[in-house]
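Enquirer: Quick one: the structure is below, and I'll ask about it shortly.
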Amino acid sequence: LRRTGLIGAVFGSYGWGGEAFKQLEEYLTDMKVEIVSAPLKAKYSPNDENLQNCFVLGQNVGAELAKRANQ
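Okay, so the sequence shown: first residue is 133 according to my numbering, each after it adds one.
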């Protein structure tokens, strides 16, 4: 099975260089996943702004999925 119309984003925390975000974006691109946001990165523990950005990302992904489901 090959799915089409997939969307995704990269988010998380890191403690060293943060190179994994670029690698994950490359994996998603190779899998033909449409990346809907720049990576959301938090060094060590996320602060309130990081958490708010993740919440907004979740809302945006949910809205996009709902829009696609209604097409």
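Where a beta carbon is used, it is the ideal one built from N, C-alpha and C, also for glycine.
On a Cα-Cα basis, can you pick out the residue from LEU138, LEU183 and PHE143 that is closest to LYS164?
Expert: Each of LEU138, LEU183 and PHE143 was checked against the Cα of LYS164, and the nearest Cα belongs to LEU138.
Enquirer: State yes or no: is the C-beta of VAL142 within less than 8 angstroms of the C-beta of GLU157?
Expert: yes
Enquirer: Hey, out of GLY190, GLY140, GLY144 and ALA152, whose CA is closest to PRO178's CA?
Expert: GLY144
Enquirer: Going by DSSP, what residues sit across from PHE143 in a beta bridge?
Expert: LEU172
Enquirer: Mind checking which residues open and close the alpha helix (DSSP H) that includes VAL165?
Expert: Premise fails: VAL165 is in no alpha helix (DSSP H) and is neither H nor E.
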